[in-house]
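See below for the structure under consideration.
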Amino acid sequence: MAVIILAAGQGTRMKSGLHKVLHTIAGRPMLMHLLATVEALGVERKVVVVGAGREQVEAAVAGHGVDIVVQAPQLGTGHAVAQAHDALAGFAGDVLILYGDVPLVRAETMRAMIERLNMGDAPRSVVLGFRPDDAAAYGRIIADAQGLIGKMVEFKDACAEERAVTLCNSGLMAVRATDLFILLDQINNDNAAGEYYLPDIVMLPGSQSAVIETDADEVAGVNSRIELAAVEARWQARRRDEAMREGATLIAPETVFFAHDTVLGRDVVVEPHVVFGPGVVIEDGVTIHSFSHLEGAVVHMGAQIGPYARLRPGADIGKKARVGNFVEIKKASLGEGAKANHLSYIGDASVGAGANIGAGTITCNYDGFLKYKTEIGAGAFIGSNSALVAPVKIGDGAIIGAGSVVTQDVAADALALVRAPQQEKPGWAARFRQIMTARKATKS
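According to our numbering, the residues represented by the sequence shown are 14 to 457, in order.
Set out below in structure tokens:
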């Protein structure tokens, strides 16, 4: 199997310096969503047809075995597909034709298109159709009960009876490579736009083409920021349903946002208003409280996160550990049962099992030039408002008194107090108030 992904559109309505197909859905470019799907199908050849922005697309697909071909000038979708001829030289299998700005097509649907292409009646091509709530100006597909296409017609050319048909053309197709370029050679550009349209191969004389159907959400395209947001919403809705089917509880699903690679275990509870960035793995039995943001983090079984917690890349939260409100963890590990319950920053650090990080504690990991590591041993207790100036090691079971600024290693089971001694001056406050009251009176 081969795939041709059309990505030559100008994308002017996006009003962006970024190529349209590189705008992201769930933290991954639309084009990469499609490539991930076709790679799961074991596709042998992958061709992306671009116009402007070749360098951006090439950089994005590097390492994915993709051939980039350029359509210049841009003379329609049929002309775009024809540009893949040399890249598919010698290939005799089936070809899927997809669009880089239609990222939600599932592997099951792609597979169904190929299976229909290879059924006994051997259709010339297979078109993916859909039935939108508002058919608007979509091209219509007239097909019989077996899905064999009698006619495809653009909305502007359709009569009233044809416009009443609800089956519409998504533009996605499957064709045998041995037929594809022969068919493309037979179409013309005798139309108002002077372009070569890919759907015209369906109505060429000879064997019929077939249509299979999918839901409208799956073939939703992106031509503007508004449509990008709509497709993002569709992807998130699909992923939320999948998470709940697989055993996670989402208290208010519509307020939880996943990245393309978020992994949730069973019996995970996600409270409202939680955002997952890329690279997050959540094991079984974890609770993530409201207003937490996680990215590049691993959270082990039974841990609790939030509310209002931030896990940044490199955070590794151990079993039954606790990261509480207004705590930020970056490139740091918390051992089993460790706690950082409130108002702390733990960065470039390792925290041993059962350690307790008091409110207001920070690891001072950056001197303006380089980052340094803090090591906190198992069972250590870090008092509130402590600053641990890295590089520094706190031994197992050590206690750091509240308000300490620790710049040197602390031995296991030792107490470290790094603060000025408390002074008390009896009666001083009363004398001060008397002096200041008199001074204020003289200025009235």
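Where is the CB? At the ideal position from N, CA and C, for every residue including glycine.
Within-8 angstroms CB hit, residue i to chain B
| i | result |
| --- | --- |
| residue 347 | In the structure shown, chain B does not exist; there is a single protein chain. |
Limits of the unbroken alpha helix (DSSP H) element including residue i
| i | result |
| --- | --- |
| residue 14 | Unbroken run through residue 14: none, as it is neither H nor E. |
| residue 186 | Element bounds for residue 186: not the alpha helix (DSSP H) but the beta strand (DSSP E), 181-189. |
| residue 4 | Look at the range of the chain in this structure, 14 to 457, and you will see that residue 4 is not part of it. |
| residue 129 | 120-130 |
| residue 51 | 43-53 |
| residue 448 | 441-455 |
| residue 254 | 238-258 |
| residue 68 | 67-74 |
| residue 472 | The requested residue 472 does not occur in the structure, where the chain is confined to residues 14 to 457. |
| residue 173 | 173-176 |
| residue 400 | First-last for residue 400: 400-402, but that is the beta strand (DSSP E), not the alpha helix (DSSP H). |
| residue 94 | 90-95 |
Beta-carbon contacts of residue i that lie in its chain and below 7 angstroms, excluding the five residues immediately before and after
| i | result |
| --- | --- |
| residue 274 | 291, 292 |
| residue 288 | 270, 306 |
| residue 175 | 153, 155, 166 |
| residue 286 | 268, 303, 304 |
| residue 238 | 27 |
| residue 260 | 279, 280 |
Boundaries of the beta strand (DSSP E) in which residue i is found, first to last residue
| i | result |
| --- | --- |
| residue 142 | 138-143 |
| residue 100 | Element bounds for residue 100: n/a, residue is neither H nor E. |
| residue 58 | 58-63 |
| residue 360 | 352-364 |
| residue 411 | Counting along the chain, residue 411 falls outside any beta strand (DSSP E), and DSSP gives it neither H nor E. |
| residue 163 | 162-166 |
| residue 108 | 107-112 |
| residue 376 | 375-377 |
| residue 268 | Premise fails: residue 268 is in no beta strand (DSSP E) and is neither H nor E. |
| residue 386 | Premise fails: residue 386 is in no beta strand (DSSP E) and is neither H nor E. |
| residue 491 | Outside the shown range of the chain (14 to 457) lies residue 491, about which nothing can therefore be said. |
| residue 232 | Note, residue 232: premise wrong, no beta strand (DSSP E); not H, not E. |
| residue 80 | 79-83 |
8 angstroms contact criterion, which residue i and residue j should meet: CB distance rounded
| i | j | result |
| --- | --- | --- |
| residue 140 | residue 154 | 7 angstroms |
| residue 186 | residue 110 | 5 angstroms |
| residue 369 | residue 407 | Wrong, their Cβ atoms sit about 12 angstroms apart, outside the cutoff. |
| residue 58 | residue 120 | In fact, because the Cβ distance is near 17 angstroms, the residues do not count as touching under 8 angstroms. |
| residue 208 | residue 381 | Actually they do not touch by this definition, with Cβ atoms about 58 angstroms apart. |
| residue 225 | residue 135 | The Cβ separation is near 15 angstroms, so there is no contact. |
| residue 112 | residue 40 | Their Cβ separation, rounded to whole angstroms, is 21 angstroms, which puts residue 112 and residue 40 out of contact at 8 angstroms. |
| residue 192 | residue 137 | 6 angstroms |
| residue 177 | residue 104 | About 41 angstroms separates the two Cβ atoms, so there is no contact after all. |
| residue 132 | residue 54 | Contact doesn't hold; Cβ gap of about 18 angstroms is too wide. |
| residue 309 | residue 326 | 3 angstroms |
Residues near residue i by beta carbon distance below 6 angstroms, same chain, minus five either side
| i | result |
| --- | --- |
| residue 93 | 19, 21, 62, 84 |
| residue 315 | 298, 332, 333 |
| residue 194 | 98 |
| residue 294 | 276, 311 |
| residue 384 | 361, 378 |
| residue 373 | 356, 397, 398 |
| residue 48 | 77 |
| residue 428 | 412 |
| residue 371 | 395, 396, 397 |
| residue 414 | 396, 430 |
| residue 24 | 33 |
| residue 410 | 392, 425, 426 |
| residue 341 | 323, 358 |
| residue 329 | 311, 346 |
| residue 284 | 264, 302, 303 |
| residue 387 | 362, 376, 401, 403, 405 |
Cβ shell of residue i (< 8 angstroms), same chain only, five flanking positions each side left out
| i | result |
| --- | --- |
| residue 149 | 168 |
| residue 181 | 142, 143, 144, 145, 148, 151, 152, 153, 154 |
| residue 366 | 331, 348, 349, 350, 351, 391, 392 |
| residue 417 | 396, 399, 400, 429, 430, 431, 432 |
| residue 70 | 20, 32, 34, 35, 44, 61, 63, 81 |
| residue 37 | 43 |
| residue 247 | 117, 230, 233 |
Residues sharing a beta bridge with residue i, DSSP
| i | result |
| --- | --- |
| residue 209 | None, per the DSSP bridge assignment. |
| residue 306 | 288, 323 |
| residue 156 | 162 |
| residue 37 | 42 |
| residue 330 | 312, 347 |
| residue 317 | 300, 335 |
| residue 422 | In DSSP, residue 422 forms no bridge with anything. |
Proximity test, residue i beta-carbon vs the ligand MG heavy atom, cut-off 7 angstroms
| i | result |
| --- | --- |
| residue 36 | As far as ligands go, the structure on display features none, and thus does not contain the ligand MG. |
Q: Evaluate the contact criterion for the stretch 94-106 versus the stretch 71-86: three or more CB pairs, one atom per stretch, below 8 angstroms.
A: yes
Q: Pair every Cβ in the stretch 212-221 with every Cβ in the stretch 170-181, then say whether three or more of these pairs are closer than 8 angstroms.
A: no
(Q) Pairs of beta-carbons, one from the stretch 269-287 and one from the stretch 24-31, closer than 8 angstroms: are there three or more? (A) no
Q.
I want to know whether the stretch 232-243 touches the stretch 111-121 - three or more CB-CB distances under 8 angstroms.
A. yes
**Q.** Three or more C-beta pairs below 8 angstroms linking the stretch 69-77 and the stretch 190-200
**A.** no
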